[in-house]
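K.L.:
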DNA sequence: CTAGCATACTAAAAGCCTTTAGTAAACTAT
DNA sequence: ATAGTTTACTAAAGGCTTTTAGTATGCTAG
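Residue numbers (our numbering), protein chains in the order written: chain S, 68 to 405; chain X, 68 to 405.
#1: Would the stretch 279-299 of chain S count as touching the stretch 112-128 of chain S if we require 3 or more Cβ pairs under 8 Å?
#2: Comparing alpha-carbon positions, which option in X:233, X:343, X:320 lies nearest residue 351 (chain X)?
#3: Taking 8 Å as the CB-CB cut-off, is residue 300 (chain X) touching chain S?
#4: Around the C-beta of residue 253 (chain S), are 16 or more other C-beta atoms found within 10 angstroms, so that it is buried, or is it exposed?
#5: According to DSSP, residue 362 (chain X) sits in a beta bridge with which residue or residues?
#6: Would DSSP call residue 166 (chain S) helix, strand or coil?
#7: Whose CA, out of S:169, S:208, S:85, S:238, lies closest to the CA of residue 314 (chain S)?
#8: Using a Cβ-Cβ cut-off of less than 8 Å, give me the residues of the stretch 317-334 of chain S that come near chain X, in sequence order.
#9: Assuming contact is defined by CB atoms lying nearer than 8 Å, are residue 371 (chain S) and residue 151 (chain S) in contact in what I supplied?
#10: Give the single residue among X:91, X:216, X:139 whose Cα lies nearest to the Cα of residue 195 (chain X).
#11: Please confirm whether residue 206 (chain X) and residue 231 (chain X) have their CB atoms less than 8 Å apart.
#12: Could you check which residue in S:173, S:381, S:364 has the C-alpha nearest to that of residue 399 (chain S)?
#13: In this structure, does DSSP put residue 319 (chain S) in helix, strand or coil?
#14: Going by C-alpha to C-alpha distance, which of S:169, S:145, S:228, S:115 sits closest to residue 204 (chain X)?
#15: So which residues on chain X does residue 406 (chain S) lean against when the C-beta distance must stay under 8 Å?
#16: Given a cut-off of 8 Å, decide if residue 283 (chain S) and residue 395 (chain S) are closer than it, judged by their beta-carbon atoms.
#17: Which class does residue 199 (chain S) belong to by DSSP, given the choice of helix, strand or coil?
#18: Looking at the secondary structure, which residues open and close the alpha helix (DSSP H) in which residue 92 (chain X) lies?
#19: Is the Cβ-Cβ distance between residue 187 (chain X) and residue 208 (chain X) less than 8 Å?
#20: Along the chain, where does the beta strand (DSSP E) that runs through residue 225 (chain X) open and close?
#21: With a 10 Å radius around its C-beta and 16 neighbouring C-beta atoms as the bar for buried, classify residue 244 (chain X) as buried or exposed.
#22: Does residue 152 (chain X) get closer than 8 Å to chain S when you measure Cβ to Cβ?
#23: Can you say whether residue 119 (chain X) is buried or exposed, counting buried as having 16 or more other CB atoms within 10 angstroms of its CB?
#24: Quick one: list the residues of chain S neighbouring residue 159 (chain X), beta-carbon separation under 7 Å, in chain order.
#25: Would you decide whether residue 343 (chain X) is buried or exposed? Buried here means 16 or more other CB atoms lie within 10 Å of its CB.
#26: Please list, in chain order, the residues of the stretch 204-220 of chain S that have any C-beta partner in chain X closer than 9 Å.
#27: What does a CB cutoff of less than 6 Å around residue 265 (chain S) pick up in its chain, not counting 5 residues either side in sequence?
#28: Quick test of your reading: residue 145 (chain S) and residue 295 (chain S), contact by CB under 8 Å. State the CB separation rounded to the nearest angstrom.
#29: Give every residue of the same chain whose Cβ lies closer than 6 Å to the Cβ of residue 142 (chain X), excluding the five residues on either side of it in the sequence, and list them in chain order.
#30: Any beta-carbon of chain X closer than 8 Å to the one on residue 93 (chain S)?
#31: Using three-state DSSP, classify residue 132 (chain S) as helix, strand or coil.
#32: Return the residue from the list X:190, X:131, X:397 that minimises the CA-CA distance to residue 177 (chain X).
#33: Counting only Cβ-Cβ distances shorter than 8 Å, please list the residues of the stretch 341-361 of chain X near chain S, keeping chain order.
#34: Below 8 Å between beta carbons is the criterion; list the residues of the stretch 84-115 of chain S that meet it against any residue of chain X, in chain order.
#35: Give the range of the beta strand (DSSP E) segment to which residue 336 (chain X) is assigned.
#36: Buried or exposed, going by whether 16 or more other CB atoms sit within 10 Å of the CB of residue 324 (chain X)?
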């Protein structure tokens with residue numbers, strides 16, 4: 068039993084397929100009698116235009132894609148994603164679009180891209196000139212870069228380096244001499260220009276503060292691998308097990324800081340008395356954690372929202388508006404610092 | 068400048084469109100020389116099969132849809148979504164599918180459904196016989212029900228009532244006589260059979276425990292509206308402002324409990340000494356909260372994963388395997404209870 | 001009474017791909 | 001040398017819709 072098609076509805080209603088199409092798309096061209104009749108038949112048969120055929124013709128699927136650099140199940144382990152999706156989603160909600168998450172297929176992001184029925188992409192964590200992005204250029208799929216370098220495409224970034232510098236400087240001003248930096252690996256780092264991915268940007272900020280305060284960078288950073296709570300726990304445990312005993316920890320993401328907090332508690336370490344901990348992002352959970360996480364706030368939802376707005380603008384205008392936005396960060400002191 | 072089509076590649080490579088199609092889909096039918104030549108031309112021109120055309124023909128888009136009962140930006144305010152998406156995503160990752168989130172368009176879920184280029188839906192929080200679901204039946208779009216009643220379609224549920232009863236009974240056993248219940252409103256509740264949506268199921272469990280312990284149900288529940296941290300804060304504030312002074316609070320979702328915790332702290336209330344708090348779900352944040360949330364665990368990722376597996380099975384088999392799974396819940400005592 | 005114009009509708013093309021059925025050439029077996 | 005098979009490829013149909021260009025009807029205006 069195949070799907071009901073426009074032809075069947077047309078036949079049953081005694082009109083042409085065109086009339087059925089008009090009923091749904093431009094009812095003003097038809098007499099109201101005809102519209103009523105067609106709608107009745109469509110309702111009875113359970114007909115609705117095939118979205119694929121529609122998209123094929125109009126090359127508008129009504130879908131915004133988020134291009135994630137990692138597997139979906141890994142991505143949403145990072146608490147950054149939920150508020151970001153909320154931001155993108157708020158635009159989708161208003162414009163009646165759907166939201167699609169695309170990740171590498173068989174290890175190849177290009178395959179994921181070419182198979183995805185979307186109108187445009189929000190590219191997360193890759194620069195414009197990244198190999199993974201070039202298929203988008205060549206296929207003329209509109210896109211917006213988020214957390215990556217861009218000169219020709221629109222982009223949304225935050226003050227990664229400045230925010231990190233500020234947090235580190237405040238910490239070091241309290242006289243710490245052994246500070247552990249816990250960082251994560253960009254899933255695309257083997258290809259990425261190291262100065263453009265956000266982990267590197269933040270690290271650069273930390274290093275500048277270290278240098279200014281005459282604190283040795285030393286063995287830093289401890290690599291957590293994936294940006295998740297578990298990653299933070301592992302990084303802490305690893306550093307501790309090789310005898311590292313810092314008096315403060317700078318985490319390049321809140322997710323890592325949560326892991327550090329959990330692991331430190333397990334070791335009976337008092338925070339912030341014995342150990343100060345600082346995060347980055349200010350995800351919604353930061354104010355819930357125990358103790359509440361001092362961190363660098365970036366406006367995550369705003370970022371998602373702006374990215375979606377730039378994308379829809381590019382979609383409508385046909386032209387990339389080439390707008391490169393950098394959002395400010397803000398120091399948020401809570402109770403993991405003194 | 069239009070997109071590169073199969074015809075153009077064929078012309079440039081000096082072969083038929085069929086040969087180009089075979090190059091991508093059934094290369095074994097072609098000599099390796101031809102495949103190489105076509106691939107070279109395709110690469111040069113930046114060609115990839117148009118996903119809409121492909122989906123139109125094969126009626127396989129390679130996309131799993133999650134049908135959310137609420138706006139995307141509201142949905143992801145509930146910390147339940149991230150782990151659920153991780154579960155669904157793990158199947159997508161393995162099978163090279165993308166994941167789409169569909170919410171009501173112009174207030175109508177049916178519009179969202181008919182416009183979405185997906186192969187099947189995971190329906191969240193609606194029963195099989197819900198009006199929003201009937202378009203799926205009629206269009207013969209495969210779907211799986213999650214957190215809703217189903218007899219003909221496959222479904223995944225948890226022991227909502229049993230888990231809630233257990234949590235409430237443990238609490239009441241400690242002699243509380245004034246217990247506030249904070250619940251949320253199902254976004255579809257105006258249409259939903261009240262005994263099938265999860266808030267009602269959980270409430271039923273609470274009520275049973277109240278009755279067994281001879282505790283009055285009274286003014287309960289306090290409605291938080293949206294299932295979010297902010298909703299929990301509001302519900303707490305509202306109850307407090309009308310003079311309610313319970314010694315324990317049962318929250319129908321962890322998100323609400325987090326809000327309660329935050330609001331209680333603001334009022335200087337000590338937890339668990341002055342007030343015990345219990346959640347439901349055991350979202351990842353529960354072990355981070357301050358104090359750590361005692362709650363009823365449901366295997367959220369597992370639930371998402373199973374739903375996706377049932378859906379892909381239905382997609383492949385053509386037939387609904389009609390499997391109705393109910394997962395167990397588990398009491399997780401942490402430090403918001405004594 | 002005829003030219004001109006809305007109105008209501010339709011035929012056919014376009015959009016891009018996959019697949020079925022089929023052809024031509026080269027090879028194998030007898 | 002002939003029939004049969006395999007290999008490598010193509011023409012054309014099919015999938016479903018939207019849109020453009022056009023037809024038939026009835027109406028208005030001069």
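Glycine included, each C-beta is placed from N, C-alpha and C at the ideal position.
Just so we're clear, the structure is a prediction, and the values are computed from it rather than from any experiment.
P.N.:
Let me lay it out:
#1: no
#2: X:320
#3: no
#4: buried
#5: X:399
#6: strand
#7: S:238
#8: 325, 328, 329
#9: yes
#10: X:216
#11: no
#12: S:364
#13: coil
#14: S:115
#15: There is simply no residue 406 (chain S) to check, as chain S begins at 68 and stops at 405 in what is shown.
#16: no
#17: coil
#18: 84-92
#19: yes
#20: 222-225
#21: exposed
#22: yes
#23: buried
#24: 139
#25: buried
#26: 204, 205, 206, 207
#27: 214, 227
#28: 6 Å
#29: 135, 148
#30: no
#31: strand
#32: X:190
#33: 351, 352, 354, 355, 356, 357, 358, 359
#34: 113, 115
#35: Premise fails: residue 336 (chain X) is in no beta strand (DSSP E) and is neither H nor E.
#36: buried
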